[in-house]
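Counting from 1, one number per residue, gives the positions in the sequence shown under full-length UniProt numbering. Where is the CB? At the ideal position from N, CA and C, for every residue including glycine. First up is the structure itself, then whatever we jot down about it.
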Amino acid sequence: VDKDRSAVISDTELQQALSNGTWTPFNPVTVRSIISMFDRENRGGVNFNEFAGVWKYITDWQNIFRTYDRDHSGFIDKNELKQALTGFGYRLSDQFYNTLIEKFDRQRKGQVAFDDFIQCCIVLQRLTDVFRRYDTDQDGW
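This is the structure in structure tokens:
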């Protein structure tokens with residue numbers, strides 16, 4: 001994975017090592033998001049120990065993705081996404097699910113690939129965290 005032997009795995013090196021199961025490159029935005037979560041020293045990459053965390057994180061997401069990819073297509077459609085996010089505790093409108101599919105469906109087929117599913121969940125979690133920070137009385141408004 002560390003092709004330049006720098007002892008740091010860059011986003012480019014990680015992207016080349018990952019597969020989303022669709023024979024297309026892993027979403028570079030997803031790769032950068034994952035790197036930023038595990039890069040404790042802000043090097044723009046991860047060392048070997050951090051990479052172990054990255055690998056577990058991706059493997060955990062892969063297991064979740066497979067659970068909700070009910071038709072084993074390698075993609076998650078709107079209904080499968082709704083089941084997954086409901087399972088995570090989200091209660092969202094159909095219109096919002098349409099927006100998520102539109103935003104994270106890079107192939108424009110009405111479905112989300114594995115890497116884009118991770119990105120969707122990362123973005124949704126960040127939005128939730130920001131909302132909670134400003135919703136001081138926790139009334140949802």
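Nearest-angstrom Cα distance between E50 and D39?
The C-alpha of E50 lies about 7 angstroms from the C-alpha of D39.
Per DSSP, what kind of secondary structure is G53 in: helix, strand or coil?
In this structure, G53 counts as helix in the three-state DSSP scheme.
Meets three-Cβ-pair contact criterion under 8 angstroms: the segment 94-103 and the segment 74-85:
Contact between the segment 94-103 and the segment 74-85 is present, with at least three C-beta pairs closer than 8 angstroms.
What are the partner residues of I9, as DSSP defines its beta bridges?
According to DSSP, I9 bridges with V46.
Using alpha carbons as the reference points, say which of V112, P28 and L92 lies closest to R66.
Of the listed residues, the one whose Cα sits closest to R66 is V112.
So G110 and D139 are supposed to be a Cβ contact under 8 angstroms. How far apart are they, rounded?
Not quite, the Cβ-Cβ distance comes to about 35 angstroms (not below 8 angstroms), so this is no contact.
Mind checking whether N42 and I9 have CB atoms under 9 angstroms apart?
Taking 9 angstroms as the Cβ cut-off, N42 and I9 do not qualify as a contacting pair.
For Y14, collect the residues of the same chain with a Cβ closer than 6 angstroms to its Cβ; drop the 5 residues on either side in sequence, then sort them by chain order.
It is Leu, not Tyr, that sits at residue 14 in the sequence shown. Cβ neighbours of L14 beyond the five flanking positions: V31.
Residue range of the unbroken alpha helix (DSSP H) whose run includes Q95:
Where Q95 is concerned, the enclosing alpha helix (DSSP H) stretches over D94 to F104.
Taking a contact to mean a Cβ-Cβ separation below 9 angstroms, would you say F117 touches F131 in this structure?
Cβ distance not < 9 angstroms, so F117 and F131 don't count as in contact.
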